[in-house]
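Data block below; observations after.
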Amino acid sequence: MAASTLADQQGIPAVLTNAVRYADASQHRLADVLDAARLLRPIDRRHLDSGERWLKDPAAMG
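Using my numbering, the letters of the sequence shown correspond one by one to residues 205 to 266.
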């Protein structure tokens, strides 16, 4: 709620988004590879990204 209060105080619209990690859904496998490289561990299916952390439009958020 703090974000919407701040937006109201500043006179700007609030924007709802998800925890974005990549621009579109097709990039989730690349994010998995980069995470594995950053953490220096093999890619493990149990820890793979769900593929839902892409920048969604309003229709996809609903």
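Where a beta carbon is used, it is the ideal one built from N, C-alpha and C, also for glycine.
These numbers come from a predicted model, not from an experiment.
On a Cα-Cα basis, can you pick out the residue from I216, R242, T221 that is closest to A263? Looking only at I216, R242, T221, the smallest Cα-Cα distance to A263 is reached by T221.
Looking at R250 and A223, is the spacing between their C-beta atoms short of 8 Å? No, the pair does not count as a contact, with Cβ atoms beyond the cut-off.
Using a threshold of 8 Å, state whether the C-beta atoms of H232 and G255 are closer than that. Taking 8 Å as the Cβ cut-off, H232 and G255 qualify as a contacting pair.
So, under 8 Å CB-CB, R225 and A235 are touching, yes? Tell me the CB distance rounded to an integer number of Å. About 5 Å; that satisfies the 8 Å criterion.
Work out the CA separation of K260 and L238 for me, nearest whole Å. Answer to the nearest angstrom: the Cα atoms are 21 Å apart.
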